[in-house]
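Chains A and B, in that order, are what the protein sequence lines are. Numbering follows the UniProt record's numbering, in which position 362 of the first sequence is assigned residue number 362; successive positions increment by one, without gaps. Numbering follows the UniProt record's numbering, in which position 335 of the second sequence is assigned residue number 335; successive positions increment by one, without gaps. Even for Gly, the Cβ is constructed at its ideal location relative to N, Cα and C.
Number of protein chains: 2
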Amino acid sequence: MTQSPSAAMESLSVALGERTYPIHIGAGLLDDPGCLLPYLAGRQVMIVTNATVAPHYLDRLRHTLSGADLEVCEVILPDGEATKTLASVERIWDALLAAGFNRRCTLVALGGGVIGDMAGYAAASYQRGVAFIQVPTTLLAQVDSSVGGKTGVNHPRGKNMIGAFWQPRAVLIDTQTLATLPERELSAGLAEVIKYGLIWDAAFLDWLEREMPALRALDAAAIRHAIRRSCEIKAEIVAEDETEQGVRALLNLGHTFGHAIEAHQGYGNWLHGEAVGAGMAMAAALSAERGWLTGAEVERIGAVLAAAGLPRVAPAAMGVDDFLERMRLDKKNLDSRLRLILLEALGRAAIHDDTDPAMLERLIERFPRA
Amino acid sequence: MTQSPSAAMESLSVALGERTYPIHIGAGLLDDPGCLLPYLAGRQVMIVTNATVAPHYLDRLRHTLSGADLEVCEVILPDGEATKTLASVERIWDALLAAGFNRRCTLVALGGGVIGDMAGYAAASYQRGVAFIQVPTTLLAQVDSSVGGKTGVNHPRGKNMIGAFWQPRAVLIDTQTLATLPERELSAGLAEVIKYGLIWDAAFLDWLEREMPALRALDAAAIRHAIRRSCEIKAEIVAEDETEQGVRALLNLGHTFGHAIEAHQGYGNWLHGEAVGAGMAMAAALSAERGWLTGAEVERIGAVLAAAGLPRVAPAAMGVDDFLERMRLDKKNLDSRLRLILLEALGRAAIHDDTDPAMLERLIERFPRA
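#1: What residues are listed by DSSP as bridge partners for Asn50(B)?
#2: Comparing the C-beta of Ile237(B) with each C-beta of chain A, is any distance below 8 Å?
#3: Report the option in Ala226(A), Glu240(A), Thr175(A), Ala191(A) whose CA atom is closest to the CA atom of Ala308(A).
#4: I'd like to check one pair, Leu253(A) with Met212(A): are the Cβ atoms closer than 8 Å?
#5: Would Glu90(A) pass as an interface residue toward chain B - the criterion being a Cβ-Cβ separation below 8 Å?
#6: Reducing DSSP to helix, strand and coil, say where Ser13(B) ends up.
#7: For residue 391(A), decide whether its Cβ has a neighbour in chain B, counting only Cβ atoms nearer than 8 Å.
#8: Put residue 372(A) into one of helix, strand or coil per three-state DSSP.
#9: Listing by chain order, which chain C residues have their CB less than 8 Å from the CB of Met161(B)?
#10: Along chain A, in chain order, which residues have C-beta atoms closer than 7 Å to that of Gly273(B)?
#11: Within the same chain, show all residues whose beta-carbon is closer than 6 Å to that of His24(A), passing over the 5 residues directly before and after it, in chain order.
#12: For Pro78(B), count neighbouring Cβ atoms within 10 angstroms of its own Cβ and tell me buried if that reaches 16, exposed if not.
#13: Can you check DSSP and say which residues form a bridge with Thr151(B)?
#14: Report the three-state DSSP secondary structure of Glu244(B) (helix, strand or coil).
#15: Please list, in chain order, all residues of the same chain as Gln44(A) whose beta carbon is under 6 Å from its beta carbon, the five residues on each side excluded.
#16: Within the 8 Å Cβ cut-off, does Glu366(A) reach chain B?
#17: Under 8 Å Cβ to Cβ from Glu183(A), same chain only, skipping five residues before and after it: list those, please.
#18: Keeping to the same chain, check which residues put their C-beta closer than 8 Å to that of Met282(A); ignore five residues upstream and five downstream.
#19: Got a sec? Which residues, its chain only, sit under 7 Å from Phe204(A) by beta carbon, not counting five neighbours each side?
#20: Please decide whether Leu334(A) counts as near chain B, where near means a Cβ-Cβ distance under 8 Å.
#21: Taking contact to mean at least 3 C-beta pairs separated by less than 8 Å, is the stretch 229-240 of chain A in contact with the stretch 119-126 of chain A?
#22: Arg290(A) versus chain B: which residues are under 9 Å apart at the beta carbon?
#23: From Ile351(B) to Ile237(B), what distance separates their C-alpha atoms?
#24: With 16 as the cutoff for other CB atoms within 10 Å, does Arg337(A) come out buried or exposed?
#25: So is Arg103(A) buried or exposed if we call it buried at 16+ other beta carbons inside 10 Å?
#26: Counting only the same chain and skipping the five closest in sequence on each side, list residues whose C-beta sits under 6 Å from that of Ser146(B).
#27: Of the choices Ala98(A), Val89(A), Tyr39(A), whose alpha-carbon is the least far from that of Ile162(A)?
#28: Got a sec: is the Cβ-Cβ distance from Leu158(B) to anything in chain A below 8 Å?
#29: Can you give the Cα-Cα distance for Arg348(B) and Asp206(B), rounded to whole angstroms?
#30: Classify Val14(A) as buried or exposed, calling it buried when 16 or more other Cβ atoms lie within 10 Å of its own Cβ.
#31: Using a C-beta cutoff of 8 Å, does Leu86(A) count as contacting chain B?
#32: Unbroken alpha helix (DSSP H) runs of length 4 or more, entirely within the stretch 81-134 of chain A: which are they?
#33: For a contact meaning CB atoms closer than 7 Å, what does His155(A) contact in chain B?
#34: Since Ala345(A) is in the alpha helix (DSSP H), which residue starts that stretch and which ends it?
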């Protein structure tokens, strides 16, 4: 018996008024024109992808688009966080202009978070804003960066410093693309999945502890549930606070520490998810210092990170000042107060700007190093 | 008798829901903290200006801000349309990051349209969007570019190709700044003022014909009325159609021809307003060809442009193809149909995409050259 790809599709919605859009999740969606064509703004389509993803999926996506009367072009960028620069976005703009693309064109981001962030920002700023569609091919992009409209690039002085809030028309998650994902990147994606349990849903954290081996073995049902629940939580938070004035900041659990690690180590040497994993371990330890988590709970968090294949220690070379200098430039530090996302319990996070600087320094100093 | 600056202030509002903002118009507003301080988002203020404007007004603006507990920095860019590039915007971002500015900073654009467009785009994309305030010092910026949230930069392949819709928190128009404006730039600003009469308000066009000598002599009452009525019309149109899906396109009367002139001649050699003036003369002539304007009305339009000190002819060196090639890349040409704003009567414009290409070519060919 053959089955159409979309028969196994699950969908949810990111509720943002006139910018509301669907997330479709399923195996084989990449081959289903019905998932893609309804979201195109006009006849001109620019696929933005990278040199690693293109050999696997570009032809399939082009084939899916081939039935319709479309003008399809592509930009293939180098892979990696180091390419997440304004210069790469300029390459996308140059390609759009060289092809004579107008305001009703659509950009399709085919790749991981870096591709999605760059294509999204290119779309946000091309002719003051054109349509785009996310087709994330890494777990991290599927559960986090493709959903919610954060786009942008890094600057030598900080991560994601240049960018825009720009929502996609749709997010299409083909879970089969995880088959070609390196194990290390799967683990990096699991860091964000664990984050949702930690900040929002203790029962999901329990489930993740049980199912971690199945997830790492790419068990189809487990993967689909993990992606769906992660996207649901993210969609709920984003719908409540699109531009991160409040609750959305909770999604940054571990990210202030994590961004410092990435910046110090050089973007891409530690994967984003790995840095976030270590950062969440640090945030958990600080939450225990503040008196909200028990030692046993901190240990549980460390154990689930380790089970996901993630570091639970900081880089050996990083001193206290290496952290503090970079944390002060973090976007979340409004008016120069250091705001940190901390856990008040498993499954419940909050923003705190009243951590004693001496306590923070001591924690960083004593935190285990690789 | 002394009078506080704000006593002579007039205000109107651009109604955009939660993004609604005021336009304040008056002589001496630059010295009035009460016009500026309420619109700052936080304590960090970056003034963006240029080397021509800074000697006249930067110290005054800094002084106006000096009473409050603020961190005030500045970026002084070179003057001119040729600097309206992504590289200039990067200089603004570099300055913001070097100063450690966070998401609650405010950019203040002090200058003409080029400064406003660049500072606005820098604000739109810095940390995914921060506050900005327009303090336009040219007539063109006061009546047009500072109002409505269009921001961006030029690309070698076209004008304003990279940018965002990003609304200011407030627009502060100090009419005294026109005293230092070169006569040629005053004329360029009058082109946009005439445009409002042509597309929206025939009675305003009558008034402009009568008052043109007073306007060119900077008669205070005449200037204030011209700015106020122009801003009212623009605010009404922008409130109806913020992102140019419909009626806002009418504001581009003469701009498709005008952008072709600017691009061919090199940005800045013809001022934007001069190119728009010639472009409106061309649009008027085409409207007559279509049967909507009489020859006498076309002549009236030419006469008011000439009275404002504007060209009513196209550049000698531009052939038909020089126009057509550049007009095809214009943002208003959705799905490759050439859309033009034409006059159906004096005071009434409409978008038309059904102009016979042969008629257009013939008109361009026969149109008088300088």
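The short version:
#1: Leu77(B)
#2: Ile237(B) does not count as touching chain A.
#3: Ala191(A)
#4: no
#5: yes
#6: strand
#7: Because residue 391(A) is not part of the residues shown, which for chain A are 1 to 370, the question remains open.
#8: Limits of chain A in this structure are 1 at one end and 370 at the other, which puts residue 372(A) out of reach.
#9: No chain C appears in this structure, whose protein chains are A and B.
#10: Within chain A, no residue comes near Gly273(B); the closest Cβ sits about 21 Å away, beyond 7 Å.
#11: Met9, Ser11, Cys35, Leu172
#12: With fewer than 16 other Cβ atoms within 10 Å, it is exposed.
#13: Ala164(B)
#14: coil
#15: Glu71, Phe101, Cys105
#16: Residue 366(A) is actually Arg in this sequence, not Glu. With 8 Å as the cut-off, Arg366(A) does not count as an interface residue toward chain B.
#17: Arg216, Gly309
#18: Gly254, Phe257, Ala314, Leu363, Ile364, Phe367
#19: Tyr196, Gly197, Arg229
#20: At Leu334(A) the pLDDT is 49, less than 50, meaning the model places this residue with poor confidence; the figure from the coordinates comes in the next sentence. Chain B contact via Cβ: present.
#21: no
#22: Correct list: empty, because the minimum Cβ distance to chain B is about 24 Å.
#23: 14 Å
#24: By the neighbour-count rule (16 or more Cβ atoms within 10 Å), Arg337(A) is not buried but exposed.
#25: Its Cβ being crowded by 16 or more others within 10 Å, Arg103(A) is buried.
#26: Gly116, Gln134, Pro136, Val171
#27: Val89(A)
#28: At residue 158(B) the sequence reads Gly, which differs from the Leu that was named. Yes, its Cβ sits closer than 8 Å to a Cβ of chain A.
#29: One C-alpha to the other measures close to 14 Å.
#30: The residue in question, Val14(A), is buried, as its Cβ has 16 or more Cβ neighbours within 10 Å.
#31: So, interface residue.
#32: 86-98, 113-125
#33: Residues of chain B passing the Cβ test: Trp93, Leu97.
#34: That residue, Ala345(A), is in no alpha helix (DSSP H); its beta strand (DSSP E) goes 340-345.
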